[in-house]
Amino acid sequence: MNPLLTVENVHVQRPGAEVLRGVNLTVYPAEVHVLLGLNGSGKSSLAYTLMGCAGYRPTQGRILFDGEDITDLPVSERARRGITLAWQEPARFEGLRTGDYIALGMKEPTLARVEEALRAVALAPAAYLGRPVDPTLSGGERKRIELAAVYAMRPRLAILDEPDSGIDVLGVEEITGLIRQMAAGGTAVLLITHRDEMADAADRASLMCGGVVVKTGSPDEVRAYFARRCRPHEETLGAQPWEPVNGDAYKEVVTRGVCE
Amino acid sequence: MKAHTAPVSPASLLTRRDPAWARDFEAILKAYEAAGGKVSALQSDRIASAVISANRVLWVNEIPGVHIEAEETPTGIRAHIRVDPGTRVEYPVHLCFGMIPQEGIQEIIPTFEIGEGAEVGFLAHCTFPNAINLQHIMGATVRIGPGATMRYTEAHFHGPYGGVQVLPTSHVILEEGGRFENEFNLTHGRVGRMEIRMEVDVAARGVAELTVKAYGMGEDYIRAEETIRLNGPEARGLTKTRVAVRDRAVGEVYTTTEGNAPGARGHMDCTEIVRGEAVARNTPIVIVRNDQARVTHEAAIGSVSRKELETLMARGLSEEEAVDIIIRGMLA
Numbered sequence: 001m002n003p004l005l006t007v008e009n010v011h012v013q014r015p016g017a018e019v020l021r022g023v024n025l026t027v028y029p030a031e032v033h034v035l036l037g038l039n040g041s042g043k044s045s046l047a048y049t050l051m052g053c054a055g056y057r058p059t060q061g062r063i064l065f066d067g068e069d070i071t072d073l074p075v076s077e078r079a080r081r082g083i084t085l086a087w088q089e090p091a092r093f094e095g096l097r098t099g100d101y102i103a104l105g106m107k108e109p110t111l112a113r114v115e116e117a118l119r120a121v122a123l124a125p126a127a128y129l130g131r132p133v134d135p136t137l138s139g140g141e142r143k144r145i146e147l148a149a150v151y152a153m154r155p156r157l158a159i160l161d162e163p164d165s166g167i168d169v170l171g172v173e174e175i176t177g178l179i180r181q182m183a184a185g186g187t188a189v190l191l192i193t194h195r196d197e198m199a200d201a202a203d204r205a206s207l208m209c210g211g212v213v214v215k216t217g218s219p220d221e222v223r224a225y226f227a228r229r230c231r232p233h234e235e236t237l238g239a240q241p242w243e244p245v246n247g248d249a250y251k252e253v254v255t256r257g258v259c260e
Numbered sequence: 001m002k003a004h005t006a007p008v009s010p011a012s013l014l015t016r017r018d019p020a021w022a023r024d025f026e027a028i029l030k031a032y033e034a035a036g037g038k039v040s041a042l043q044s045d046r047i048a049s050a051v052i053s054a055n056r057v058l059w060v061n062e063i064p065g066v067h068i069e070a071e072e073t074p075t076g077i078r079a080h081i082r083v084d085p086g087t088r089v090e091y092p093v094h095l096c097f098g099m100i101p102q103e104g105i106q107e108i109i110p111t112f113e114i115g116e117g118a119e120v121g122f123l124a125h126c127t128f129p130n131a132i133n134l135q136h137i138m139g140a141t142v143r144i145g146p147g148a149t150m151r152y153t154e155a156h157f158h159g160p161y162g163g164v165q166v167l168p169t170s171h172v173i174l175e176e177g178g179r180f181e182n183e184f185n186l187t188h189g190r191v192g193r194m195e196i197r198m199e200v201d202v203a204a205r206g207v208a209e210l211t212v213k214a215y216g217m218g219e220d221y222i223r224a225e226e227t228i229r230l231n232g233p234e235a236r237g238l239t240k241t242r243v244a245v246r247d248r249a250v251g252e253v254y255t256t257t258e259g260n261a262p263g264a265r266g267h268m269d270c271t272e273i274v275r276g277e278a279v280a281r282n283t284p285i286v287i288v289r290n291d292q293a294r295v296t297h298e299a300a301i302g303s304v305s306r307k308e309l310e311t312l313m314a315r316g317l318s319e320e321e322a323v324d325i326i327i328r329g330m331l332a
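Line by line, the protein sequences are chains B and D.
Per our numbering, residue 1 is the first one in the first sequence, and the count goes up by one each step.
Per our numbering, residue 1 is the first one in the second sequence, and the count goes up by one each step.
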């Protein structure tokens with residue numbers, strides 16, 4: 001099977017540091033691929049790079065989607081090809097109602113599909129359709145609406161950045177159920193998380209450390225590696241590598257080969 | 001000057017025989033609809049209403065407890081609107097102010113008197129669909145009695161040419177325990193030049209909420225100047241301003257809140273979005289004269305948030321479409 005997404009040696013420079021340092025990754029159609037890594041390992045930077053967000057243009061390498069080089073395409077064009085992203089901290093929109101927000105990404109919006117999406121994230125349509133996607137929503141509600149919007153869109157590749165953080169009512173099982181449902185409908189899911197138990201939902205897994213993918217394999221294999229090799233160094237590796245003081249400690253751990 | 005009160009019954013609204021009146025009325029109703037007004041509301045005998053075209057009072061409908069007196073002046077009208085004490089008005093009073101010609105002056109001088117404990121809403125539409133060089137001036141005086149509530153929503157439609165100068169000024173006196181909610185919308189069509197000036201004096205436990213929403217483009221100029229004086233203990237005030245400007249338009253927001261009594265609480269909230277060569281300014285002024293009062297402000301001025309933009313673009317919208325949705329949402 002040909003990969004849906006191929007990331008080849010992608011480097012990204014942010015002010016003060018290179019946050020991606022030669023990422024290689026493949027995701028196959030309708031696959032659930034978990035991307036594990038501690039805070040600061042570059043997972044979210046990779047998500048923004050794949051979506052084409054401003055400030056995350058690769059300085060080296062390329063990104064192929066369904067065989068097409070999309071490295072220089074803007075966000076909208078990537079979305080039109082079937083890529084979307086659920087942000088870790090989703091934006092708020094004054095005056096935009098939840099129902100309309102969810103319908104925005106749908107090719108043929110229907111109320112039934114919007115309601116189905118809300119129910120899929122355990123939100124009652126009657127209570128949420130008319131609510132604005134603004135700061136009156138709690139963080140957990142907003143994240144669930146973001147997942148609902150991605151679900152309703154039926155993308156070819158959904159990048160979910162830490163969908164499990166900050167959601168108090170929906171447990172891991174509900175989220176993994178939703179992800180499996182998306183995959184069953186033909187959507188490949190790149191699931192970004194630092195919770196290794198989320199790997200249970202995956203077909204394959206990769207581990208990021210210090211801005212590179214250090215391991216790819218079965219979820220069990222990568223999860224065990226993550227627990228054994230990364231968790232013990234969580235405090236050090238969890239620091240943001242692009243901050244000068246933390247950066248030295250971070251580089252030391254990485255170059256000593258703890259994660260490699 | 002001629003005085004007008006309830007000149008015809010609603011049933012005869014569409015069959016009135018005076019052809020000049022009928023032409024005027026039909027034209028202003030079309031413009032009223034363009035501004036978002038519902039003509040059916042003007043035909044209901046349960047809804048108080050008034051229709052003013054230039055300096056002509058075309059229609060007035062009173063209901064029990066709501067009195068509308070209007071007299072024509074050479075350049076506009078002078079109106080006195082009274083709501084009896086204790087009256088709860090079920091449907092908002094509908095007001096239509098407009099001018100069909102391309103040029104001219106319309107000067108509206110209304111006085112609102114809301115009796116003690118009354119509760120009433122007003123829905124005003126100001127419409128100038130063909131304006132090229134037209135001035136709309138309003139000088140309102142409002143007195144809201146103790147424990148009374150007045151909600152006033154004003155929507156403007158200025159047509160596509162931007163040839164309108166809108167210069168409304170209001171002074172509101174809010175008595176003890178009264179509530180005043182004012183919303184001004186100019187989000188469809190061109191603005192032209194708009195300078196809103198509103199002052200509200202709030203007595204003890206009174207609440208004033210002022211909202212201005214405007215979208216300027218081309219060479220439009222928007223200036224909103226709002227002052228809330230929290231004069232009585234536990235008086236509260238909120239100004240909320242949402243302005244979007246693009247092309248070479250200018251948006252200026254000047255808000256002042258004074259905390260002059262113990263327990264007074266005020267907040268000013270301004271968001272302005274700027275596109276192209278447009279310019280936005282915001283000047284919040286906080287004056288506190290009592291050590292138990294508190295006034296705060298927040299302002300966000302600039303381009304559309306990159307994250308909001310990219311979130312919508314990640315759903316397949318173009319950048320322009322995303323900007324439009326964000327601005328329309330803010331002004332909704």
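A virtual CB, placed ideally from N, CA and C, is assigned to each residue, including glycine.
Nearest chain B C-beta to residue i closer than 7 Å, yes or no?
i, result
"residue 308(D)", "yes"
"residue 215(D)", "no"
"residue 20(D)", "no"
"residue 268(D)", "no"
"residue 99(D)", "no"
"residue 329(D)", "yes"
"residue 296(D)", "no"
"residue 318(D)", "yes"
"residue 332(D)", "yes"
"residue 241(D)", "no"
"residue 187(D)", "no"
"residue 311(D)", "yes"
Flag residue i as yes if its beta-carbon sits less than 7 Å from any beta-carbon of chain D, otherwise no.
i, result
"residue 76(B)", "yes"
"residue 182(B)", "no"
"residue 51(B)", "yes"
"residue 80(B)", "yes"
"residue 4(B)", "no"
"residue 130(B)", "no"
"residue 105(B)", "yes"
"residue 169(B)", "Legend: pLDDT at residue 169(B) = 48, less than 50; position of this residue unreliable, value from coordinates given subsequently. Chain D contact via Cβ: absent."
Taking the beta carbon of residue i as the centre, do at least 16 other beta carbons fall within 10 Å, making it buried, or is it exposed?
i, result
"residue 68(B)", "exposed"
"residue 16(B)", "exposed"
"residue 88(D)", "exposed"
"residue 107(B)", "exposed"
"residue 169(B)", "Because the pLDDT of residue 169(B) is 48, which lies under 50, any placement of that residue in the model is unreliable, and the number read from its coordinates should be weighed accordingly. Classification for residue 169(B): exposed."
"residue 136(B)", "exposed"
"residue 40(D)", "exposed"
"residue 142(B)", "buried"
"residue 186(B)", "exposed"
"residue 320(D)", "exposed"
If the cut is a Cβ gap below 7 Å, which residues of chain C does residue i touch?
i, result
"residue 153(B)", "This model lacks chain C altogether, as its protein chains are B and D."
Say yes only if the C-beta of residue i is nearer than 6 Å to one or more non-hydrogen atoms of the ligand NAP, and no if none qualify.
i, result
"residue 186(D)", "The ligand NAP is absent from the structure shown, which contains no ligands of any kind."
> Which full runs of the alpha helix (DSSP H) of 4+ residues lie inside the segment 62-143 of chain B, going along the chain?
Replying inline: If we require 4 residues or more, the alpha helix (DSSP H) runs fully inside the segment 62-143 of chain B come out as 75-80, 98-103, 111-120 and 125-128.
> When you check each C-beta in the segment 85-97 of chain B against every C-beta of chain D, which residues fall closer than 7 Å?
Replying inline: Against chain D - using a Cβ distance shorter than 7 Å - the residues of the segment 85-97 of chain B are 85, 87, 90, 91, 93, 94, 95 and 96.
> Any contact of the segment 136-144 of chain D with the segment 166-175 of chain D, i.e. 3+ C-beta pairs under 8 Å?
Replying inline: Contact holds between the segment 136-144 of chain D and the segment 166-175 of chain D, because three or more Cβ pairs, one in each stretch, are under 8 Å apart.
>> Which complete beta strand (DSSP E) runs does the segment 244-315 of chain D hold, if anything under 3 residues is left out?
In response: Taken in chain order, the whole beta strand (DSSP E) runs of length 3 or more contained in the segment 244-315 of chain D are 250-259, 265-274, 279-288 and 294-302.
>> If the cut-off is 9 Å on Cβ atoms, which residues from the segment 129-149 of chain B count as contacting chain D, listed in chain order?
In response: Per Cβ criterion, the list reads 132, 133, 134, 146 and 149.
> So does the segment 92-99 of chain B actually touch the segment 132-140 of chain B, counting three or more Cβ pairs closer than 8 Å?
Replying inline: Counting C-beta pairs with one atom in each stretch, the segment 92-99 of chain B and the segment 132-140 of chain B have three or more that are closer than 8 Å, which means they touch.
> Should the segment 26-43 of chain B be called in touch with the segment 71-78 of chain B, which here means at least 3 C-beta pairs below 8 Å?
Replying inline: With a cut-off of 8 Å, the segment 71-78 of chain B and the segment 26-43 of chain B do not count as touching, because too few Cβ pairs lie within range.
>> Under 8 Å, CB to CB, which of the residues in the segment 46-60 of chain D have a partner in chain B?
In response: Within the segment 46-60 of chain D, no residue has a Cβ that lies closer than 8 Å to any Cβ of chain B.
> Quick one, which residues of the segment 195-211 of chain D are near chain B if we go by CB-CB under 7 Å, in chain order?
Replying inline: Listed in sequence order: no entries.
> Taking Cβ-Cβ distances below 9 Å as the criterion, which residues of the segment 27-58 of chain B are in contact with chain D?
Replying inline: Going along the segment 27-58 of chain B in chain order, one finds 48, 51, 52, 53, 54 and 55 with a Cβ nearer than 9 Å to chain D.
> When the Cβ atoms of the segment 190-200 of chain D are set against those of the segment 209-227 of chain D, are three or more pairs found closer than 8 Å?
Replying inline: Contact between the segment 190-200 of chain D and the segment 209-227 of chain D is present: 3 or more CB-CB pairs across the two stretches fall below 8 Å.
>> Count Cβ pairs between the segment 37-49 of chain B and the segment 290-301 of chain D that sit closer than 8 Å; are there 3 or more?
In response: No contact exists between the segment 37-49 of chain B and the segment 290-301 of chain D.
> When the Cβ atoms of the segment 267-276 of chain D are set against those of the segment 49-57 of chain B, are three or more pairs found closer than 8 Å?
Replying inline: Contact between the segment 267-276 of chain D and the segment 49-57 of chain B is absent: fewer than 3 CB-CB pairs across the two stretches fall below 8 Å.
>> Under 8 Å: do the segment 19-30 of chain D and the segment 65-77 of chain D share three or more Cβ pairs, one atom per stretch?
In response: Short answer: they don't touch.
> Quick one, which residues of the segment 142-170 of chain D are near chain B if we go by CB-CB under 7 Å, in chain order?
Replying inline: So the list is empty, because no residue satisfies the distance condition.
> What runs of the alpha helix (DSSP H), each 4 residues or longer, lie entirely inside the segment 3-56 of chain B?
Replying inline: When DSSP assignments are scanned along the segment 3-56 of chain B, the uninterrupted stretches of alpha helix (DSSP H) that are 4 or more residues long and fall wholly within it turn out to be 43-51.
> Looking at chain B, which residues of the segment 33-45 of chain D have a Cβ within less than 8 Å of any of its Cβ atoms?
Replying inline: Those residues of the segment 33-45 of chain D that come within reach of chain B (Cβ to Cβ, closer than 8 Å) do not exist; the list is empty.
> Residue ranges of each beta strand (DSSP E) run of no fewer than 3 residues wholly in the segment 103-144 of chain D, ordered along the chain?
Replying inline: For the segment 103-144 of chain D, whole beta strand (DSSP E) runs of length 3 or above, ordered along the chain, are 103-114, 119-127 and 133-144.
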